[in-house]
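Enquirer:
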Amino acid sequence: MEGNKVKLIHASVGSTKMMCIEALMRQANLVENVILLVTTAEIKAGRLNLFDYEGKSLLILSRV
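Numbering (my numbering), first residue to last: 165 to 228.
#1: Could you spell out where the beta strand (DSSP E) holding Ile207 opens and where it closes?
#2: Going by DSSP in three states, Ile224 sits in which element: helix, strand or coil?
#3: Pair every Cβ in the stretch 194-202 with every Cβ in the stretch 213-222, then say whether three or more of these pairs are closer than 8 Å.
#4: Taking the continuous alpha helix (DSSP H) assigned at Leu212, which residues delimit it?
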């Protein structure tokens with residue numbers, strides 16, 4: 165951990181598939197693909213920011 169950043173190591177991602185609204189399926193697939201590229205994460209101002217190995221922000225998550 166560096167400051168408020170956390171380094172992540174993962175081997176694989178698994179999920180179950182179930183039929184739901186097509187837009188939600190696309191969103192789930194997108195998040196699944198992005199998660200594989202994440203190497204660091206940072207929580208700042210109530211938002212979870214996920215970064216790749218170059219430090220590029222891939223996805224920002226927050227509560228709604």
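Backbone N, C-alpha and C define an ideal beta-carbon position, used for all residues, glycine too. Keep in mind the model is a prediction, meaning the values are calculated, not measured.
Expert: Working from what's here:
#1: 204-208
#2: strand
#3: yes
#4: Premise fails: Leu212 lies in the beta strand (DSSP E), 211-215, not in any alpha helix (DSSP H).
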